[in-house]
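Note that the working numbering has the sequence shown beginning at 7, numbered continuously upward.
Just so you know, even glycine gets a beta-carbon here, dropped at the ideal spot from N, CA and C.
Computed from a predicted structure; not experimentally measured.
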Amino acid sequence: MFRIKTMNKISPLGLEIFPTDRYQVSSDISAPDAILVRSADLHSVEIPGTVLAIARAGAGYNNIPVSVCSTRGIAVFNTPGGNANAVKELALAALLLSARNIVGGIDWCRTIADKAGEVPDLVEKEKSRFDGPEIRGKTLGVVGLGAIGVMVANDASALGMNVIGYDPFISVEAAWNLSRSVARAETLEGLLSKADYVSLHLPLSDNTKGLLNAEKLRFMKNGARLINLARGGLVVETALIAALNSNKLAAYVTDFPTAELLACPKVTAIPHLGASTPEAEDNCAIMAAQQLMAYLESGEIKNSVNLPRCHSEMHAPSRLLAINRNIPNMVGQITSILAMENINITDLINHHRDDYAYNIIDTEQSINEKTLEKIRKIEGVIRVRTIN
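The structure is reproduced here in structure tokens:
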């Protein structure tokens, strides 16, 4: 029986995916095979040695120590697309909030609640303080064309905006889903210089942290509006506030408030509501559960952030799964050991991603612990397990 430890409240629709005759799912499990998490910070948590995989019920994964997991042979999964529609809808709302001073107008209306019969006249007198431009015909720059970015780009185009996108690592699947009306920006600087609105839709990593700094913000059009529902760390906050105070930027809408941002009148701060819909929580939990089951039961990898995508139908009695460093002659060493033990290979897949490789090897014979131990002793092998 597989043991799944939950680190947050997970949607029941996701938990129901696990068959009760093969899975034990609880927040109290001490030696889990896998961890299912939403927002809990695992950087300060001792991850048990029994853990084979961690699934994040959401797209972001900066709360998981991915590099540590990789060195220990722990597959880390996320659920890109599970919350895409929820974030997309908030991004469209953010476009309107940044263009029309709707929040400022609402806040002002509350201040005249005690004016009784004067309210209609005061509204007509003061409404010009909160006017703003329409988004139709304006240019939106979408940085990051994953599941969410593609949906934002397509829907903004349908609303009559001119849309340009920038993503040097766009996937084939995303490219197929992108509207033909979305123009391609060759560089980030080129996108920033043309856009009236910029919306960020990319993960936070060592390569993207502080992506929009003082230098990049200078490329933006005077009076442009910036939307960040991805991660706060993508923008250098001090540089952003300086750009807002100098009127370089007209508005900033973010899902990641800080005390400094809340003190800036041109910031519309949202309390991290991007994926906070019941539909998104259900979708992400279901995807995370399905990915854990596939990995634990068959070794299939889909939507891992640290290991390569890998799928193969199992057509043999036994399956060997090996994670190793991406160095020469690893497959040869593993298969040589199997050959010496008279174990016949019926199918083999080896894929790599950056510094790590993953092997699915189907065999006609079961592999005993003595043989597994020989494979584990190969320099560069990180983790080995079998499925029968």
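In the structure shown, residue 371 falls within a coil segment according to DSSP collapsed to helix, strand and coil. Within the region 51 to 107, the complete alpha helix (DSSP H) segments at least 4 residues long are 72 to 77, 90 to 105, listed from N- to C-terminus. For residue 145, the enclosing beta strand (DSSP E) starts and ends at 145 to 149. The DSSP-derived three-state label of residue 11 is strand.
At a Cβ-Cβ threshold of 8 angstroms, residue 86 and residue 309 count as neighbours.
DSSP lists 307 as the beta-bridge partner residues of residue 316. Between the alpha carbons of residue 45 and residue 14 lies a distance of about 7 angstroms. If you look at residue 35, you'll find it isn't in any alpha helix (DSSP H); DSSP assigns it neither H nor E. Cβ atoms of residue 206 and residue 255 stay farther apart than 8 angstroms, at about 13 angstroms. Annotation for residue 231: 104, 203, 256, 257 place their beta carbon closer than 6 angstroms to its own, counting only its chain and skipping 5 residues before and after.
Under the three-state reduction of DSSP output, residue 353 falls in the strand class. CA-CA distance, residue 57 to residue 39, rounds to 4 angstroms. Beta-bridge partners assigned by DSSP to residue 203: 146, 231. Considering only 370, 63, 390, 127, the residue with the shortest C-alpha distance to residue 379 is 390. Look at the beta carbons and you see the region 175 to 182 not touching the region 214 to 223: under three pairs across the two are nearer than 8 angstroms.
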